[in-house]
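Participant: By the working numbering, the letter at position 477 of the sequence shown is numbered 477, and the numbering carries on one by one without gaps.
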Amino acid sequence: MDTTAIDAILEKGREAFDIPGTAVAVVRGDETYLQGYGTKKLGKDDPVTADTIFAVGSVTKAFTTTAMAMLVDEGKMSWDDHPRKHVPGFKLSDALADANVNLRDLVAHRTGLARHDCLWYNSRWTSEELLAKIAFLAPAFSFRSTYQYNNLMYMVAGLAVEAASGMTWDEFVRSRIFEPLGMTRSLTSVNQLGAVGDFCTPHEKHEDEVVIVPWTNLDAVGACGSINSCARDLANWVRFQLGDGTWEGRQLVSKSNLDETHSPHIVVPVDEASRDLAETTITSYCLGWNLLNYRERTIIAHGGAIDGFNASVALVPKAGVGVAILSNLANDMTVWAMRNALLDHLLGLPPKDWNAEIKAIHARNREKADREKRERAEKRAAGTRPSHELSAYVGEYSDDAYGTATVGLDDGGLCFAWNNHTVKLEHWHFDTFAGKYEPPDWPVPIEVLFSLDADGTVSALRLIWPESGNDRLFVKRKTNDAPSQG
Numbered sequence: 001m002d003t004t005a006i007d008a009i010l011e012k013g014r015e016a017f018d019i020p021g022t023a024v025a026v027v028r029g030d031e032t033y034l035q036g037y038g039t040k041k042l043g044k045d046d047p048v049t050a051d052t053i054f055a056v057g058s059v060t061k062a063f064t065t066t067a068m069a070m071l072v073d074e075g076k077m078s079w080d081d082h083p084r085k086h087v088p089g090f091k092l093s094d095a096l097a098d099a100n101v102n103l104r105d106l107v108a109h110r111t112g113l114a115r116h117d118c119l120w121y122n123s124r125w126t127s128e129e130l131l132a133k134i135a136f137l138a139p140a141f142s143f144r145s146t147y148q149y150n151n152l153m154y155m156v157a158g159l160a161v162e163a164a165s166g167m168t169w170d171e172f173v174r175s176r177i178f179e180p181l182g183m184t185r186s187l188t189s190v191n192q193l194g195a196v197g198d199f200c201t202p203h204e205k206h207e208d209e210v211v212i213v214p215w216t217n218l219d220a221v222g223a224c225g226s227i228n229s230c231a232r233d234l235a236n237w238v239r240f241q242l243g244d245g246t247w248e249g250r251q252l253v254s255k256s257n258l259d260e261t262h263s264p265h266i267v268v269p270v271d272e273a274s275r276d277l278a279e280t281t282i283t284s285y286c287l288g289w290n291l292l293n294y295r296e297r298t299i300i301a302h303g304g305a306i307d308g309f310n311a312s313v314a315l316v317p318k319a320g321v322g323v324a325i326l327s328n329l330a331n332d333m334t335v336w337a338m339r340n341a342l343l344d345h346l347l348g349l350p351p352k353d354w355n356a357e358i359k360a361i362h363a364r365n366r367e368k369a370d371r372e373k374r375e376r377a378e379k380r381a382a383g384t385r386p387s388h389e390l391s392a393y394v395g396e397y398s399d400d401a402y403g404t405a406t407v408g409l410d411d412g413g414l415c416f417a418w419n420n421h422t423v424k425l426e427h428w429h430f431d432t433f434a435g436k437y438e439p440p441d442w443p444v445p446i447e448v449l450f451s452l453d454a455d456g457t458v459s460a461l462r463l464i465w466p467e468s469g470n471d472r473l474f475v476k477r478k479t480n481d482a483p484s485q486g
């Protein structure tokens, strides 16, 4: 293994995108290479090592499906079980989906339910409270017709693991996966970081400046993305996934059920970035993994992105090759560039300047965002005023799934508070207000459109996330209504 070339790939990628720190695990046959690069925290001389912990985000999903595979082996669950067999409170609003959904559907992203990530992101709600809200979420697509990524469904899968095993999801992953594989520095919660030390600080780019952001606690939806790990531990995970379900002579999971997690279950539309970045024409989602063609090779891969971190794990089973790349700067495409360059080197493919490809995509994305911003501004009706004095919009508004939102007055304007988020509202036009994006106080830009009833009284608001196309209608609570519990 040419470790000098590997180091050059990782350092070049890190420097190209201003990433404070990265780490890599490379497995090829019987060989393993581990290395850290850069610093754990911007501006500090604190080198990243192979033991430094990063958040891995949705790389967690394959741990959850591997846990499920173990329980299927033991006869404690079946991939085709209805979720209610293990999680009685689970319900989908669509009758057809609710009657026919199984555990496999949850972890293959084929329930048709939109993401609704704002329900759990920096949320005050527990997994049980989030579970109850799912029944009030209308599907975005018909059941099993379309790939629709959904983190909440992995939360439900984690609850099923708990019910079937009699352990918490955290305990099961730790005792049945981390410990047997010798993943001694892997954690399932940010609350455990202080006890182990040697972990990275998360960073993001705001207006082209790298800034420090807080760690995000994902305990309520842990099974979708709460694992934190290091290059040394992930090397063992990669080697295990490349194998037949055994580790050091012990069968942890059957080969058939491990293979099931690597098998395609639904077609994933190939977007422009994937075509450009990986020369990919076909992608399917398996159970916690993507299966795709990469430069005429078949790879199994999954990325992970959470505030301030990115990760990518990729397997090339036929070549006995696997890589795990960790970054303490949020931007998944930069990790893809390093992953692709590594795979090219390890598989003997013609080299390509993936960093340049990523920068070109970034430039196109900025141009698109600027164009959409201009187009939106052009549609703004100039010289309009709200239909009422601002005090008329103040009050509590409720939605069955999203709970209570409060509109108040702040420094001469309106502010919108929901869940654990508060954002100032700027008048846009007529009765539409825009949420001022001040990261990390609010995860995405929003619009709030107030509506009136027949007598002209403010009666509701529609919360719109323009980036995702999602919106929710919150009805205003009258002064004599019972207080909301949401």
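Each residue gets a CB set at the ideal place from its N, CA and C atoms; glycine is no exception.
With a cut-off of 8 Å on the beta carbons, I'd call Val-107 and Gly-288 a contact; round off their distance for me.
Facilitator: Contact holds; Cβ gap of about 6 Å.
Participant: Apply the 10 Å Cβ neighbour rule to Ile-134 and answer buried if 16 or more other Cβ atoms are within range, or exposed otherwise.
Facilitator: buried
Participant: Out of Gly-435, Leu-326 and Tyr-294, which has the shortest C-alpha to C-alpha gap to Asp-233?
Facilitator: Cα-wise, what sits closest to Asp-233 is Leu-326.
Participant: Roughly how far, in whole angstroms, is the beta-carbon of Val-196 from the beta-carbon of His-203, given that I think they are within contact range, below 8 Å?
Facilitator: About 20 Å separates the two Cβ atoms, so there is no contact after all.
Participant: For Leu-152, does the three-state DSSP call read helix, strand or coil?
Facilitator: Helix at Leu-152.
Participant: Is the beta carbon of Asp-219 less than 8 Å from the beta carbon of Ser-229?
Facilitator: no
Participant: So, helix, strand or coil for Glu-11, using DSSP?
Facilitator: helix
Participant: What is the rounded straight-line gap between the Cα of Trp-336 and the Cα of Ala-62?
Facilitator: 18 Å
Participant: Please list the segments of the beta strand (DSSP E) lying wholly inside the region 250-308, counting only runs of 3 or more residues, in order along the chain.
Facilitator: If only uninterrupted beta strand (DSSP E) runs of at least 3 residues are considered, those enclosed by the region 250-308 are 266-268, 283-285, 290-294 and 297-306.
Participant: Asp-208: which of Asp-471, Lys-41, Leu-329 and Met-153 sits nearest, CA to CA?
Facilitator: Leu-329
Participant: Who pairs with Thr-32 in a beta bridge, going by DSSP?
Facilitator: Val-27
Participant: Per the DSSP calculation, His-427 is bridged to which residue(s)?
Facilitator: Phe-433
Participant: Using DSSP with H/G/I as helix, E/B as strand and the rest coil, what is Ala-235?
Facilitator: helix
Participant: Could you work out which residue in Arg-14, Arg-472, Asp-30 and Val-221 is closest to Gly-36 when comparing CA atoms only?
Facilitator: Closest by alpha carbon: Arg-14.
Participant: Is the beta carbon of Leu-452 less than 8 Å from the beta carbon of Ser-391?
Facilitator: no
Participant: Could you tell me which residues DSSP puts in a beta bridge with Ser-398?
Facilitator: Thr-404 and Val-475
Participant: Counting along the chain, where does the alpha helix (DSSP H) carrying Arg-371 start and finish?
Facilitator: Residue range 354-378 is occupied by the alpha helix (DSSP H) that includes Arg-371.
Participant: Quick check on Ile-6: does DSSP put it in helix, strand or coil?
Facilitator: helix
Participant: When DSSP labels each residue in this structure, what does His-345 get in the three-state scheme?
Facilitator: helix
Participant: State buried or exposed for Glu-396, treating a residue as buried only when at least 16 other CB atoms are found within 10 Å of its CB.
Facilitator: Its Cβ being crowded by 16 or more others within 10 Å, Glu-396 is buried.
Participant: Is DSSP giving Trp-125 helix, strand or coil here?
Facilitator: In this structure, DSSP gives Trp-125 a state outside helix and strand, which the three-state scheme calls coil.
Participant: For Asp-332, which residues from the same chain have a beta carbon less than 6 Å from its beta carbon, with the 5 sequence-adjacent residues on both sides left out?
Facilitator: Gly-303, Ala-305 and Asn-310
Participant: Are the Cβ atoms of Leu-130 and Leu-113 separated by less than 8 Å?
Facilitator: no
Participant: DSSP on Ala-157, reduced to helix/strand/coil?
Facilitator: helix
Participant: Which one of Thr-184, Glu-372, Phe-240 and His-362 has the shortest CA to CA distance from Val-321?
Facilitator: Phe-240
Participant: Do you know offhand how far Ala-69's Cα is from Glu-272's?
Facilitator: 33 Å
Participant: Report yes if the CB atom of Lys-40 is closer than 8 Å to the CB atom of Val-48, and no otherwise.
Facilitator: Yes, the pair counts as a contact, with Cβ atoms nearer than the cut-off.
Participant: Ignore the nearest five residues each way along the sequence and tell me which others in Thr-188's own chain have a CB closer than 7 Å to its CB.
Facilitator: Asp-170, Val-173, Arg-174, Gly-222, Ser-226 and Ile-227
Participant: Roughly how many angstroms lie between the CA atoms of Asn-355 and Tyr-33, to the nearest whole one?
Facilitator: 22 Å
Participant: Is Tyr-147 helix, strand or coil when you go by DSSP?
Facilitator: coil
Participant: Indicate the three-state DSSP secondary structure (helix, strand or coil) for Ala-97 in the structure shown.
Facilitator: In the structure shown, Ala-97 adopts helical secondary structure according to DSSP, grouped into three states.
Participant: If you draw a straight line from the alpha carbon of Ala-67 to that of His-265, how long is it in whole angstroms?
Facilitator: 18 Å
Participant: To the nearest angstrom, how far is it from the Cα of Lys-318 to the Cα of Lys-368?
Facilitator: 39 Å
Participant: Asn-470: which of Ser-127, Arg-275, Lys-85 and Cys-118 sits nearest, CA to CA?
Facilitator: Cys-118
Participant: Per the DSSP calculation, Phe-416 is bridged to which residue(s)?
Facilitator: Val-407 and Val-423
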